[in-house]
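With UniProt numbering as the guide, the letters of the sequence shown map in order to residues 1 to 415.
Just so it is clear, CB atoms sit at the ideal spot from N, CA and C, and this is done for glycine as well.
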Amino acid sequence: MSHPEGHGPKTTARASTVSPKPKPKQGDAKKFSVPPQTISVRRSIGEWEKASYTCKLDEATACAGRAKQQLNAARNLKGELKIEAFKMLDRLLEIVKKLEMPSKTKVEKEVMKQIWGHSGGEFLAEIRELKRLTQETRVRTDEAQGVIPSYAEVLSRPPAARVDKPKFSVIVGSKNVIDTSADVIEKLRGALDARRSGLKIERLRRVRDAKVVLSCASKEEMEKLSEQLKNDKNLTAEVAKNKKPLVVLKNLMAYNTDDDIRTALAEQNRHLLEDLSADETAVEVRYRRRARNQQECHAVLQVSPELWQRLTSAGRVYIDLQHVRVQDQSPLVQCTRCLAYGHGRKQCADDVDLCNYCGGPHLKSSCTQLAAAQAPKCINCTRAKLTETAHTAFGDCCPVRRKWDALARAAIAYG
């Protein structure tokens with residue numbers, strides 16, 4: 001029986017439903033593209049025949065890509081499990097990349113060696129050799145010419161680093177008691193006639209009692225000067241005796257007597273006294289200063305110029321059971337009461353103690369500016385009307401103190 005079009009009997013059979021395969025994302029296909037391989041045959045799900053790759057990294061990338069394809073094709077896994085599996089595959093791929101880095105580096109080194117003639121390691125070796133040669137050249141240059149110190153380094157040097165040349169001086173006065181130092185200088189010019197006689201005078205300075213001091217660079221010049229003034233009817237001449245330099249033994253135990261110090265220097269420090277005469281090894285203990293520790297002191301010694309050179313160069317000496325520091329001691333005398341120079345506390349005419357921190361009429365222990373952590377104020381620089389006063393009166397950086405220290409050292413023969 002024929003049926004009209006569109007009016008046929010309805011079929012009861014249910015059409016079979018087939019789930020369409022998920023389409024791979026465009027990013028995934030690009031990210032997990034399979035590198036080319038020579039032979040690849042699929043035998044069963046999850047099993048692949050070995051294929052030849054150029055390196056292990058290419059093989060790992062291919063395996064990770066196919067594993068992700070299989071996970072996408074699996075319909076019985078939750079999305080969360082797939083995401084975790086993808087993360088683990090990415091991590092394994094990163095590990096393989098790190099393991100492959102040494103081989104990559106070797107290839108790069110070979111390429112660099114072909115281009116430049118050597119690898120990067122040889123570059124570093126050449127740089128190290130050049131640096132070594134530069135340092136050796138610098139050391140040799142410094143030894144030959146000496147390193148020029150900066151201005152700050154010169155100022156920071158202790159007084160022991162400054163060694164003055166020995167002075168050969170003659171003290172000249174007038175036989176006429178009413179003459180002044182200016183009169184003495186005028187008579188000296190006529191008596192010596194240095195322009196024609198060829199005398200070389202290093203320095204001329206005025207001193208007390210209307211006298212002047214003429215300093216020469218050598219003993220021969222000094223003797224020549226004295227010979228010319230010996231028979232002069234108007235002037236008197238006397239060879240000045242230079243004082244011996246001073247050293248200080250720091251933090252010496254106070255129980256050591258003067259004889260103990262002299263004996264220890266002679267017996268425990270024989271290496272410093274070699275080839276010196278008895279006069280050159282003579283030691284005189286001048287005075288002692290108090291130290292912070294009541295059981296210690298700072299002993300000031302007067303020694304010969306030769307011994308001063310050796311002691312200050314050594315820096316330390318053996319005294320009994322100690323290895324104490326030895327330093328140059330300035331001959332400058334400063335009053336601890338008025339803080340002026342040229343006299344001591346016993347000769348001071350003032351009755352009030354001045355603070356060496358701020359210059360006020362009190363002791364340093366009672367200074368309010370020190371307690372308030374304010375800047376110090378040097379009384380000597382204030383008297384001299386200087387602008388830089390932010391230091392104590394005992395500070396080595398004080399310009400007034402340096403001036404007086406230079407004057408005091410002018411009469412010392414350091415050798």
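Notebook entry, point to check: When the Cα of Trp404 is compared with those of Tyr341, Cys355, Ser365, which residue comes out closest?
Noted result: Among Tyr341, Cys355, Ser365, the Cα nearest to that of Trp404 is on Tyr341.
Check: Which residues mark the beginning and the end of the beta strand (DSSP E) in which Ser215 is found?
Finding: It spans 211-216 - the beta strand (DSSP E) in which Ser215 sits, taken as one unbroken run.
Next item on the list: Closer than 7 Å by C-beta to Ala29: which residues in its own chain qualify, once you throw out the five before and the five after it? Chain order, please.
Entry: Only weak support exists for where Ala29 lies, its pLDDT of 43 falling under 50; the coordinates are left without a value.
Item checked: Close beta carbons around Pro35, own chain, < 6 Å, minus the five adjacent residues each side -> The predicted model places Pro35 with a pLDDT of 48, which falls under 50 and marks its position as unreliable; any figure quoted below should be read in that light. Within the same chain, Pro35 has close Cβ partners Asp58, Ala62.
Next item on the list: Put Asp260 into one of helix, strand or coil per three-state DSSP.
Entry: In the structure shown, the three-state DSSP call for Asp260 is helix.
Notebook entry, point to check: So, do the stretch 302-321 and the stretch 371-389 have three or more beta carbon pairs nearer to each other than 8 Å?
Noted result: With a cut-off of 8 Å, the stretch 371-389 and the stretch 302-321 do not count as touching, because too few Cβ pairs lie within range.
Item checked: Between the CA atoms of Arg401 and Ala282 - distance to the nearest angstrom -> Spanning the two alpha carbons is a distance of roughly 30 Å.
Next item on the list: State the DSSP-derived secondary structure class of Ala393, mapped to helix, strand or coil.
Entry: Coil.
Next item on the list: Using three-state DSSP, classify Asp350 as helix, strand or coil.
Entry: Assignment of Asp350 by DSSP, reduced to helix, strand and coil, places it in the coil class.
Check: Under 8 Å, do Arg286 and Val300 count as touching if we go by C-beta distance?
Finding: Taking C-beta atoms as the reference points, Arg286 and Val300 count as a pair closer than 8 Å.
Check: First and last residue of the beta strand (DSSP E) that includes Ala237?
Finding: Its beta strand (DSSP E) spans residues 235-239.
Note to self: Once DSSP output is grouped into helix, strand and coil, what is the label at Val300?
What the structure shows: Correct three-state label for Val300: strand.
Checklist line | Cα-Cα separation, Lys175 to Val248 | finding: If I take the Cα positions, the gap works out to 41 Å.
Next item on the list: Just mark Glu94 as buried or exposed, buried being the case when its beta carbon has 16 or more other beta carbons within 10 Å.
Entry: Here Glu94 is exposed. Its C-beta has fewer than 16 other C-beta atoms within 10 Å.
Next item on the list: Round the Cβ separation of Glu172 and Lys211 to the nearest angstrom and send it over; I've been treating them as touching at under 8 Å.
Entry: Note that residue 172 corresponds to Val in the displayed sequence, not to Glu. Between Val172 and Lys211 a beta carbon distance of about 6 Å is seen, short of the 8 Å cut, so the two are scored as contacting.
Note to self: Output needed for Asn269: all residues of its chain with C-beta closer than 7 Å, excluding positions within five of it in sequence on either side, in chain order.
What the structure shows: Same-chain partners within the cutoff: Val317, Tyr318.
Note to self: So, for Gln295: in the same chain, excluding its five sequence neighbours on each side, which residues have a beta-carbon less than 7 Å away from its beta-carbon?
What the structure shows: Counting only Cβ-Cβ distances below 7 Å, and skipping sequence neighbours, we find Met253, Ala254.
Checklist line | Assigned secondary structure, Arg401 (DSSP; H/G/I helix, E/B strand, else coil) | finding: Note: Arg401 maps to helix in three-state DSSP.
Next item on the list: Kindly indicate which residue of Cys338, Glu280, Gln347 has the alpha-carbon position closest to the one of Leu394.
Entry: Rather than Leu, the amino acid found at residue 394 in this sequence is Phe. Across the set Cys338, Glu280, Gln347, the C-alpha of Cys338 shows the shortest separation from the C-alpha of Phe394.
Notebook entry, point to check: Lys224 by DSSP, collapsed to three states: which one?
Noted result: DSSP places Lys224 in helix when its eight states are reduced to three.
Notebook entry, point to check: Over what stretch of residues does the alpha helix (DSSP H) that includes Val172 continue unbroken?
Noted result: Counting along the chain, Val172 sits inside no alpha helix (DSSP H); it lies in the beta strand (DSSP E) bounded by residues 168-174.
Item checked: Three-state secondary structure assigned by DSSP to Glu267 -> Three-state result, Glu267: helix.
Check: Where do the N-terminal and C-terminal ends of the beta strand (DSSP E) with Gln327 fall, by residue?
Finding: Per DSSP, the unbroken beta strand (DSSP E) holding Gln327 starts and ends at 322-329.
Check: For Asp328, does the count of other Cβ atoms within 10 angstroms reach 16, so buried, or fall short, so exposed?
Finding: A buried status is given to Asp328, since no fewer than 16 other beta-carbon atoms sit within 10 Å of its beta-carbon.
Margin query: In the DSSP output, what is Tyr318 paired with across the bridge?
Written below: Beta-bridge partners of Tyr318 (DSSP): His323.
Notebook entry, point to check: Roughly how many angstroms separate the alpha carbons of Ser330 and Val352, rounded to a whole number?
Noted result: When rounded, the distance between both Cα atoms is 26 Å.
Notebook entry, point to check: For Gln309, which residues does DSSP report across the bridge?
Noted result: In DSSP, Gln309 forms no bridge with anything.
Notebook entry, point to check: Tell me which same chain residues have a C-beta within less than 7 Å of the C-beta of Cys348, skipping the five on either side of it?
Noted result: Contacts found: Cys335, Arg337, Cys338.
Checklist line | Among Gln309, Pro305, Lys250, Ala411, nearest to Arg292 - alpha-carbon criterion | finding: Cα-wise, what sits closest to Arg292 is Lys250.
Checklist line | Whole-Å CB distance - Glu355 paired with Cys381, under 8 Å assumed | finding: Reading the sequence as shown, one finds Cys at residue 355 and not Glu. In this structure Cys355 is not in contact with Cys381, their Cβ atoms being roughly 14 Å apart against a cut-off of 8 Å.
Margin query: Beta-carbon within less than 8 Å of Val333's beta-carbon, same chain only, minus the 5 sequence neighbours each way: which residues are those?
Written below: Closer than 8 Å at Cβ, skipping near neighbours: Tyr341, Gly342, His343, Gly344, Ala408.
Next item on the list: Leaving out five residues on either side along the sequence, give the residues of the same chain with a beta carbon under 7 Å from the beta carbon of Ala264.
Entry: Excluding sequence neighbours, Ala264 sits near Tyr318, Ile319, Asp320.
Check: Could you give the residue range of the beta strand (DSSP E) that holds Leu252?
Finding: That run of the beta strand (DSSP E) goes 246-253.
Checklist line | Sequence-distant residues of its chain with Cβ nearer than 8 Å to His298 (five each side left out) | finding: Same-chain partners within the cutoff: Val248, Leu249, Lys250, Asn251, Leu252, Arg288, Arg289, Arg290, Ala291.
Item checked: Inter-stretch contact at 8 Å, needing at least 3 Cβ pairs: the stretch 215-223 / the stretch 188-198 -> Contact fails: fewer than three Cβ-Cβ distances are below 8 Å.
Margin query: What does DSSP give as the partner residue(s) for Glu284 in the beta ladder?
Written below: Answer is Gln302, bridged to Glu284.
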